[in-house]
Every structure is written in structure tokens, then in C-alpha cells.
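> Going by my numbering, the first residue of the sequence shown is number 2, and it counts up by one from there.
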Amino acid sequence: MNTKPSMKYRVVQGHNPRTGGTIQRPQIVERETYYLDQVVEYALNAGYVRGQFHDMRGALNGFIEAIQQLGRDGKAVNLKNWLRVHAELTGQVGETRQLTSANELHVVITALQDLKSDWTKFSWTNVEDSGVIPKIDTILSPGGKPSEIVKTKGILVTGRNLFFDATKGDTATISWGESESAQTIAITPTESDYSHMLFAWPAALADVAAGTKLTFSFRTCAGIEGGAVYPMTKFATLVAAS
Numbered sequence: 002m003n004t005k006p007s008m009k010y011r012v013v014q015g016h017n018p019r020t021g022g023t024i025q026r027p028q029i030v031e032r033e034t035y036y037l038d039q040v041v042e043y044a045l046n047a048g049y050v051r052g053q054f055h056d057m058r059g060a061l062n063g064f065i066e067a068i069q070q071l072g073r074d075g076k077a078v079n080l081k082n083w084l085r086v087h088a089e090l091t092g093q094v095g096e097t098r099q100l101t102s103a104n105e106l107h108v109v110i111t112a113l114q115d116l117k118s119d120w121t122k123f124s125w126t127n128v129e130d131s132g133v134i135p136k137i138d139t140i141l142s143p144g145g146k147p148s149e150i151v152k153t154k155g156i157l158v159t160g161r162n163l164f165f166d167a168t169k170g171d172t173a174t175i176s177w178g179e180s181e182s183a184q185t186i187a188i189t190p191t192e193s194d195y196s197h198m199l200f201a202w203p204a205a206l207a208d209v210a211a212g213t214k215l216t217f218s219f220r221t222c223a224g225i226e227g228g229a230v231y232p233m234t235k236f237a238t239l240v241a242a243s
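1. So, are the CB atoms of R26 and M8 less than 9 Å apart?
2. Pick out whichever of A88, Q14 and P6 has its Cα sitting closest to the Cα of A229.
3. With the cut-off set at 9 Å, would you say R161 and P135 are in Cβ contact?
4. Residue ranges of each alpha helix (DSSP H) run of no fewer than 4 residues wholly in the segment 117-198, ordered along the chain?
5. Just to confirm the assignment, what range does the beta strand (DSSP E) spanning Y10 have?
6. Could you please give the first and the last residue of the uninterrupted beta strand (DSSP E) stretch that includes Q28?
7. Could you name each continuous beta strand (DSSP E) segment of 3 residues or more that falls completely within the segment 198-235, going from the start of the chain to the end?
8. Which residues mark the beginning and the end of the beta strand (DSSP E) in which N82 is found?
9. Let's test the definition: count the other Cβ atoms within 10 Å of the Cβ of S243 and tell me whether it reaches 16, buried, or not, exposed.
10. In the DSSP output, which residue or residues are listed as bridge partners for L239?
11. Quick one: any contact between the segment 200-210 and the segment 174-188, if contact means 3 or more CB pairs under 8 Å?
12. If you count every other CB in all the chains shown that lies within 10 Å of the CB of P147, and 16 or more means buried, which is it?
13. In this structure, how does DSSP classify A44 when only helix, strand and coil are distinguished?
14. With a 10 Å radius around its C-beta and 16 neighbouring C-beta atoms as the bar for buried, classify D171 as buried or exposed.
15. Suppose the cutoff is 6 Å on Cβ atoms and the five residues either side in sequence are ignored; what does the same chain contact list for I24 look like?
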């Protein structure tokens, strides 16, 4: 049976420069690094090359030095359909369109088609994942209809694993409006547990017109110290008090 190689990752938070929002991207962790001698030993033991260790090591060193010298000679190197090694200029030119001290020469190594791989070829484990995943079922005002927030009343969020702890980095926001008129406020629950979060009426919504669509965004680790932070989004409509 074909077993996929195991890899581990964690999730890091970043900033989307186009939207100003938050993005989450995976980052590979706990990955073993092979150095020159280990690569040579592996290639010999696996039968990729034949010969004596020091001969193979010397050949690999010489091969890399040859590529380095070709680069110094102004050449680009394509290794079969595995790698391309070439130089690129960085920075901007001066007013005379000539190179200046602001420019630098960087050596770029690009993986070509035969060296590329797909993430589905590996078995992945999130090292931060506790297995506890929060989920929102409904947002409403206490005693009201699902997906409706009644003016001047509180906000009740129901679901599972909804423990909220701001000291662990958990956040909750409400957004409304479009483009330049869009607004966002932060809210913090007055209570939370496994099945619910309860928020007081946000005074910032006092002048928002009834019928406005509200976007609720949550980020919570479900009360797990060092656990993965899960984003959740839910929508509701603001309605006038009866």
C-alpha cells in the first residue's frame, strides 16, 4: 500500500494589503533539513548514484561550483526540467536610466515542472489543531427570530465550542455598509460557554438603519491554550424594535 509522506504545518495570521482584512496562511514546521553529506549518503544508499562517498561528494561540489561560475560569466542555467538558475536585477534605475547603487543582483533558483509537487501528495497534520472546532448555528436577539438583531436588544450566538477568551487572542466584530462607507466595530461577549455567546446591545448600532445587513466575524481558539484559531462568519439583519 502506498503511504503518503507525513508533513506538519501551523497557521500564521497575516494582513491582506488589498482589502485590509486578515488572512491565514499555512506554514510548514518541524521539517528535517538534509545537508551536503547527508544528501550524498542518501543518493548512494538509495541507488541514485554509484561510487565512493568522497568521489560523489567531490563531484557534487564541483557541479555546484561550475553552475556558480557560469552565473558569474553572465549565463543562465537550465538543469533538464528540474531547476533554472539565473540572475535578476532589483531596484529602480536612475533618471538617466542607468544602474546605480540602488540596484542589486540577486541569484534566483526556480523549480521547474519535474521538481514541482502537489500538496495532496503528502499527509498533513496541523500541529495546533486540538480537534475542537467551534461552529455557529444561529445569531439572533434573545427571544427573537434567527438571523435578526432587534435594535436596543442584546445579541445571542448559539452553536458549539463557543468559549471566548480575549486574552487568548479571540476576537468578534460587526461590519456593515459598502466600500468607503463600510464600518466595523469590535464587540466582546458578556458571557460565553460551550453552546453560546451573549453580547450586550452595541451602542454604535444606534444610528444604523433598520434593514441593514450585518456581518459578524469571529476568531476563536475555543478555549484551547495554544490551539488553532478558527474564523467564522455569520450574517443577520438589523430590525426595528417592536
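We put the beta carbon where it would ideally sit given N, CA and C, even for glycine.
Owing to the predicted nature of the structure, the values given are computational and were not obtained by experimental measurement.
To lay it out plainly:
1. Annotated as distal: R26 and M8, with beta-carbon spacing of 9 Å or more.
2. The residue among A88, Q14 and P6 with its C-alpha nearest the C-alpha of A229 is Q14.
3. Yes, these two residues count as a Cβ contact at 9 Å.
4. At a cut-off of 4 residues, not a single continuous stretch assigned as alpha helix (DSSP H) sits fully inside the segment 117-198.
5. Following the DSSP letters along the chain, one finds Y10 inside the beta strand (DSSP E) bounded by residues S7 to H16.
6. Where Q28 is concerned, the enclosing beta strand (DSSP E) stretches over T23 to V30.
7. Fully enclosed beta strand (DSSP E) runs of 3 or longer: 214-221.
8. Unbroken run through N82: none, as it is neither H nor E.
9. S243 comes out exposed.
10. For L239, which the question treats as bridged, DSSP gives the partners I150.
11. Put simply, the segment 200-210 touches the segment 174-188. At least three CB pairs are less than 8 Å apart.
12. It is exposed - the Cβ of P147 has fewer than 16 other Cβ atoms within 10 Å.
13. Note: A44 maps to helix in three-state DSSP.
14. When all chains shown are included, D171 counts as buried.
15. Around I24: G15 and N17.
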